[in-house]
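Engineer: Starting off with a structure, shown below.
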Amino acid sequence: MMYELIATTVRGLEEIAINEVEELVGVKAERDTLTTVGGQGRIKFKADEKAIFTLNYCSNSLHRVIILLNYGEFSTLHEIYEATKEIDFAKFISEEQTFAVVASRFATQGSHDFTSLDVASQVGQGVIDSFSESTGKRLKVNLKHPDVVISAGVVDNRFWIGIDTTGESLHKRKYRVYQHPAPLKASIAYAMVRISAWKSHEKFIDPFCGSGTIPIEAARYACKMPNFLRDFLFWRLKFLPLDAFREEKERVDERIEHKNLEIYGSDVSPKHVEGARMNADAARVSVKFFEGDATKIKLDYDRIVANLPFGLRFGSPKKVAKLYKNFIQNLKEYHWKRAVLLTASQKLHDLAVNYFKVRKMDIIYGKLPSFIIICER
Ligand SMILES: C[S@@+](CC[C@H](N)C(=O)[O-])C[C@H]1O[C@@H](n2cnc3c(N)ncnc32)[C@H](O)[C@@H]1O
């Protein structure tokens, strides 16, 4: 059976997500302008059940995969209730299962005269009424540990209703046994690896590696490592072919390749270097970590990918400016192929353009507008 699916990702990295969906499940995705403003942070595509498994278990750029059940325009909340009731929830939830609705609301200008809780309440009632019309039974709500999570959203005068197949965002890979004070989202780290165009025979380094997210994501990508440390909501969706998913999981696990890779990570802090080693062990990948000052170490690598200190939580803007200047000075001494650097400061870009060909990509990192600068010689 084919489903209409939406997947969420980092705002600004939609193209990376579109490419990954095509690589993993062979379907063409596009920015989702139905449930967002301007297709930011969401993509949509049509795919079969197996894609629901593969994207959750294997994707590195997506955050959540949602089965879209209904969408449209509305003028009153009651219309969202009616649109929910049109869906036959007996097809998706069984009698003994519980459910919860998670709703979001966004208005481009001004506000709505209702809250996201009001949307959740209308959709919840619609689910209960649809189910009882089909089966004569009343479904139970469980807000803490629901079996089925119904996602709903309102953007200006549009609404959508779907089923969450993921649960906790996929960027939470669960290998972070050591917590860095400013860790990078794994999905952004993966995207930066892909932007660097690294091939697995090349030498790769993150010279500001912190807890190792970027080199770990490079290694996971090269080894085809799935999201094996975590649970997914789809395992509780009884309308999906779960036995076939279990078989597919075995096939994916058998395809993991333990390669000998030239992936390095270094940081000035011995504590972070040790933490990064612990995280790589938990992720079951091999990365060579060492202690070093990025402004002084040899940068004799093919691809250099790093999330530099932003200077927001630690250090003064002056210190960060000096660090950026010294790092760029060091970088220009070596013949790497591409350097991909994440920052929230224009300073790094302004320094890099003096020596390299530079492209800039805007992303939203948490709530912070940041950018990835892509340098070539
Ligand atoms: C934004 S954090 C990187 C976080 C990392 N991407 C992660 O996910 O854990 C920046 C890192 O740069 C390191 N750092 C600061 N100055 C440095 C320098 N001169 N050389 C190497 N590392 C440095 C800090 O210790 C910090 O761990």
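Under this note's numbering, the sequence shown has 234 at position 221, and the numbering climbs by one with no breaks.
Positions of the beta carbon are idealized from the N, C-alpha and C atoms, including for glycine.
Just so it is clear, the structure is predicted and the values come from calculations on it, not from any experiment.
(1) Using only the heavy atoms of ligand 1, determine whether one of them is closer than 7 Å to the beta carbon of Ser329.
(2) Under the DSSP definition of a beta bridge, which residues are partnered with Asp45?
(3) On the criterion of 16 or more Cβ atoms from any shown chain inside 10 Å, does Val50 qualify as buried, or is it exposed?
(4) So, is Glu108 buried or exposed, given that buried needs 16 or more other C-beta atoms within 10 angstroms?
(5) Asn320: buried (16+ other C-beta within 10 angstroms of its C-beta) or exposed?
(6) Which residue's Cα is closest to the Cα of Ile359: Tyr337, Glu230, Ser299, Lys262?
(7) Does ligand 1 have a heavy atom nearer than 7 Å to the CB of Tyr101?
(8) Where does Asn83 fall in DSSP's three states?
(9) Can you list, in chain order, the residues of its chain whose CB lies under 7 Å from that of His139, leaving out five sequence neighbours each side?
(10) What number of angstroms, rounded off, separates the C-alpha of Ile229 from the C-alpha of Lys262?
(11) When the Cα of Asp294 is compared with those of Ala365, Lys187, Leu90, Asp315, which residue comes out closest?
(12) May I ask you to check if the CB of Leu90 is nearer than 7 Å to at least one heavy atom of ligand 1?
(13) How about Leu336: is its Cβ closer than 7 Å to a heavy atom in ligand 1?
(14) According to DSSP, simplified to helix, strand and coil, what is Glu99?
(15) Can you tell me which of Thr21, Asn367, Ile386, Ile29 puts its alpha carbon nearest to the alpha carbon of Leu81?
(16) Looking at the strands, I want to know which residues DSSP matches up with Lys301.
(17) DSSP three-state label for Lys153, please.
(18) For Asp219, tell me which candidate among Phe87, Ser383, Arg264, Trp349 has the shortest Cα-Cα distance.
(19) For Phe340, does the three-state DSSP call read helix, strand or coil?
(20) Let's test the definition: count the other Cβ atoms within 10 Å of the Cβ of Tyr203 and tell me whether it reaches 16, buried, or not, exposed.
(21) Can the beta-carbon of Ile163 be found closer than 8 Å to that of Val114?
(22) Please say whether Ser145 and Arg151 have beta carbons closer to each other than 8 Å?
(23) Are Met205 and Val300 closer than 8 Å when you measure CB to CB?
(24) If contact is defined by three or more beta carbon pairs under 8 Å, each pair taking one atom from either stretch, is the segment 271 to 289 in contact with the segment 301 to 309?
Structural biologist: On the basis of the coordinates in this document:
(1) No, the beta carbon of Ser329 sits no closer than 7 Å to any heavy atom of ligand 1.
(2) Per DSSP, none; premise fails for Asp45.
(3) Of the residues assessed, Val50 falls on the exposed side of the cut-off, its CB having fewer than 16 other CB atoms within 10 angstroms.
(4) Answer is exposed; the Cβ neighbour count stays below 16.
(5) Buried, by the Cβ-count rule.
(6) As written in the sequence, residue 359 is Gln, which differs from the Ile given in the question. The option with the nearest alpha carbon to Gln359 is Tyr337.
(7) The sequence shown places Asp at residue 101, not Tyr. For Asp101, the shortest C-beta to heavy atom distance toward ligand 1 is 7 Å or greater.
(8) Strand at Asn83.
(9) One detail in the question is off: residue 139 reads as Gly in this sequence, not His. Cβ contact annotation for Gly139 (same chain, cutoff 7 Å, sequence separation greater than five): Tyr94, Thr97, Lys98, in chain order.
(10) The alpha-carbon separation between Ile229 and Lys262 amounts to approximately 22 Å.
(11) Nearest in C-alpha terms to Asp294, of all of Ala365, Lys187, Leu90, Asp315, is Lys187.
(12) Not so, every heavy atom of ligand 1 lies at least 7 Å from the Cβ.
(13) Because some heavy atom of ligand 1 lies under 7 Å away, the Cβ of Leu336 counts as near it: yes.
(14) Judged by DSSP in its simplified three-state form, Glu99 adopts coil rather than helix or strand.
(15) Ranking the options by Cα distance to Leu81, first place goes to Thr21.
(16) In the DSSP output, where bridge partners are listed per residue, Lys301 has Tyr277.
(17) In the three-state scheme derived from DSSP, where H, G and I count as helix and E and B as strand, Lys153 is classed as strand.
(18) Comparing Cα-Cα distances from Asp219 to each of Phe87, Ser383, Arg264, Trp349, the minimum goes to Trp349.
(19) Here DSSP, grouped into helix, strand and coil, assigns Phe340 to helix.
(20) Classification of Tyr203: buried, given that the 10 Å Cβ count is 16 or more.
(21) Taking 8 Å as the Cβ cut-off, Ile163 and Val114 qualify as a contacting pair.
(22) Going by beta carbons, Arg151 and Ser145 fall inside the 8 Å limit.
(23) Cβ distance not < 8 Å, so Met205 and Val300 don't count as in contact.
(24) Contact between the segment 301 to 309 and the segment 271 to 289 is present: three or more C-beta pairs spanning the two stretches fall below 8 Å.
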